[in-house]
Structures are given as C-alpha cells and as structure tokens.
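Student: If you read the sequence shown in numbering that gives the first Met the number 0, its first letter stands for residue 0, the second for the next number, and so on. In this text, a Cβ means the ideal position worked out from N, Cα and C, and glycines have one as well. Would you mind keeping the following structure in view while I ask a few things?
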Amino acid sequence: MSACTNEPTARALVVRTARSLFTRGLTHGSTGNLSVRLSDGSLLLTPTGSSLGTVEEGELSRTDLGGRHLDGPRPTKEAFLHAAFYRARPDAHAVVHLHSTHAAAVSCLDGLDPGNALPPLTAYYAMRVGTLPLLPYHAPGDSTLEPLAERTARDHHAVLLANHGPVIAGASLEQAADAIEELEETAKLHLLLQGHATRPLTPEQAAALAPTSP
Ligand code: ZN
Numbered sequence: 000m001s002a003c004t005n006e007p008t009a010r011a012l013v014v015r016t017a018r019s020l021f022t023r024g025l026t027h028g029s030t031g032n033l034s035v036r037l038s039d040g041s042l043l044l045t046p047t048g049s050s051l052g053t054v055e056e057g058e059l060s061r062t063d064l065g066g067r068h069l070d071g072p073r074p075t076k077e078a079f080l081h082a083a084f085y086r087a088r089p090d091a092h093a094v095v096h097l098h099s100t101h102a103a104a105v106s107c108l109d110g111l112d113p114g115n116a117l118p119p120l121t122a123y124y125a126m127r128v129g130t131l132p133l134l135p136y137h138a139p140g141d142s143t144l145e146p147l148a149e150r151t152a153r154d155h156h157a158v159l160l161a162n163h164g165p166v167i168a169g170a171s172l173e174q175a176a177d178a179i180e181e182l183e184e185t186a187k188l189h190l191l192l193q194g195h196a197t198r199p200l201t202p203e204q205a206a207a208l209a210p211t212s213p
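Structure follows, in structure tokens:
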C-alpha cells in the first residue's frame, strides 16, 4: 500500500491483514492492533476491545497524528504508540503491534540488551528488522511511554515493549506485517537455541543487510 491509497482500499487491507495475523495464531483474544496512514495524514486504526479475527471494515477508528480521536469507534488504547511512530517516521505508512507468543516470551527474559533485544540469527531478520531496542515495562495504555517511544522510533522502525510485545512500522502494511512475522520467527529460534552455542551473523554481516527507512 502506498501513501495515496484511498480509504476504502486501506480499510479492506487492514481487515484482511488483521484476519490473516489472527487466523495464523500471531495474536490472540482482543490483543494486537494495526494502523495505516491515510493520504490526508489521518490514521486508520483497529478499535479498542476488538479481535483482529472479527474486526470489520466499518468498525475502524480514525485519529489525527496527535492520537486524538476523529471518528469511528474509540481507537485501541495503544493508539498513542502508533501516532508516536508516524510522527517519528514520516515515510512510515503502517504500524503493527502484536502480543505474538515468542516475541512476548523474549520480552520477559531477564538480562536483555536494552539496545538490541534479539541477535541477528538469520539474514531475513537482519534485512527486515535489524536492531530491536527494548522499551521498559509500562502498563498497557500508559501514555507516559509516548515520548520515549517517539524518540526511539526516530532511529528504529522496530521496538520490543518489555513484558508485552513488538511494535513495527513499515512503508506499507504488507511490509510491517512481514517484518513482525520475521521477528516472531526469530524470537522462536532464539528460544529454541537457549542453552546451545549459537553463532549469529557478525556485526558486519548484519550491517550489510540492515533495513533502510522507514
Ligand atoms: Zn499491546
């Protein structure tokens, strides 16, 4: 999806992607939320309390770039994180946040590097995610996290929320969804490899593949 995608197309894409993520077990219950930036600069988000498995095109919320509710149902209470990413990354047109099991499990590990929570185990991870800063634990919906999220998002399109899950921005919803799936698979590999001597990509190998903006 490009910046100029019209709203009906954007609504259909959000619902299709939400269902795909839910039916493949990448999120559960009423967790996880998606958004896209519309051509007028407003944000289209999944609403609060909805399941990504059943949300409908007519049930999406719209906010401005400050996270203020414009129309539709009330947005996800994590809307402030989406807005922070869009403000920090003018080229980003989509944001995906999931509580996917393996990434959430990694976010609960002790001793994570706050500058990069996952090693670059595979080339595709290095290409689609790159560096993954860890943001400290805040209760869901606690918007005191917003300034730090916005500052971090200026330099990173992906972050991991401690004891919670990942947030990833992309140039399109397809790209953001691909990246968050790659993160989930790499988190799974990382957990499978606990206790095994592991050789991630070297910093040079990872840097050569690092994603560019957004
Ligand atoms: Zn969440």
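Look at residue 97 and residue 25 and say whether their C-beta atoms are less than 7 Å apart.
Tutor: Their beta carbons are under 7 Å apart, which means residue 97 touches residue 25 by this criterion.
Student: Taking the Cβ atom as the reference point for each residue, do residue 188 and residue 12 lie within a distance shorter than 7 Å?
Tutor: Cβ atoms of residue 188 and residue 12: not closer than 7 Å.
Student: Considering only heavy atoms of the ligand ZN, does any lie closer than 6 Å to the CB of residue 203?
Tutor: Result no, Cβ not under 6 Å from the ligand ZN.
Student: Could you compute how far the alpha carbon of residue 54 sits from the alpha carbon of residue 135?
Tutor: Straight-line Cα distance between these residues: approximately 30 Å.
Student: For residue 203, does the count of other Cβ atoms within 10 angstroms reach 16, so buried, or fall short, so exposed?
Tutor: The residue is exposed, with fewer than 16 neighbouring Cβ atoms inside 10 Å.
Student: Determine, using beta carbons only, whether residue 79 and residue 34 come nearer to each other than 7 Å.
Tutor: No, they are not a contact pair.
Student: When the Cα atoms are used, what is the spatial distance from residue 8 to residue 128?
Tutor: Between residue 8 and residue 128, the C-alpha separation is close to 26 Å.
Student: Does DSSP put residue 40 in a helix, in a strand, or in coil?
Tutor: Of the three classes helix, strand and coil, the one that applies to residue 40 here is coil, per DSSP.
Student: Kindly list the residues whose CB is nearer than 6 Å to the CB of residue 186, restricted to its own chain and excluding five residues on each side of it in sequence; keep chain order.
Tutor: Same-chain partners within the cutoff: 101, 102 and 105.
Student: Residue range of the alpha helix (DSSP H) that residue 7 falls in?
Tutor: Counting along the chain, the alpha helix (DSSP H) containing residue 7 begins and ends at 6-22.
Student: Do residue 81 and residue 94 have their beta-carbon atoms positioned less than 7 Å apart in this structure?
Tutor: In this structure, residue 81 lies closer than 7 Å to residue 94 by Cβ.
Student: Measuring alpha carbon to alpha carbon, tell me which residue in 201, 180 and 191 is nearest residue 23.
Tutor: Ranking the options by Cα distance to residue 23, first place goes to 180.
Student: Starting from the C-beta of residue 37, find all residues in its chain whose C-beta is less than 7 Å away, skip the five residues before and the five after it, and write them out in chain order.
Tutor: Same-chain partners within the cutoff: 6, 9 and 43.
Student: Tell me which residue opens and which closes the alpha helix (DSSP H) that residue 94 is part of.
Tutor: Residue 94 -> not in any alpha helix (DSSP H); beta strand (DSSP E) instead, spanning 93-96.
Student: For the ligand ZN, is there a heavy atom less than 6 Å away from the beta-carbon of residue 183?
Tutor: Not under cutoff, so the answer is no.
Student: Could you give the C-beta distance for residue 77 and residue 32, rounded to a whole number, given that I count them as a contact under 8 Å?
Tutor: So it is a contact: roughly 6 Å between Cβ atoms.
Student: According to the neighbour-count rule (16 or more other Cβ atoms, all chains shown, within 10 Å of its Cβ), is residue 130 buried or exposed?
Tutor: When all chains shown are included, residue 130 counts as buried.
Student: If I measure Cβ to Cβ from residue 117 and keep anything under 7 Å in the same chain, skipping five residues before and after, which residues do I get?
Tutor: These residues qualify, in order along the chain: 105, 131, 185, 186 and 189.
Student: Where do the ends of the alpha helix (DSSP H) carrying residue 100 lie?
Tutor: Per DSSP, residue 100 belongs to the alpha helix (DSSP H) from 100-105.
Student: Could one say the Cβ of residue 138 lies closer than 7 Å to chain C's Cβ atoms, at least one of them?
Tutor: The chain inventory of the structure shown lacks chain C, comprising one protein chain alone.
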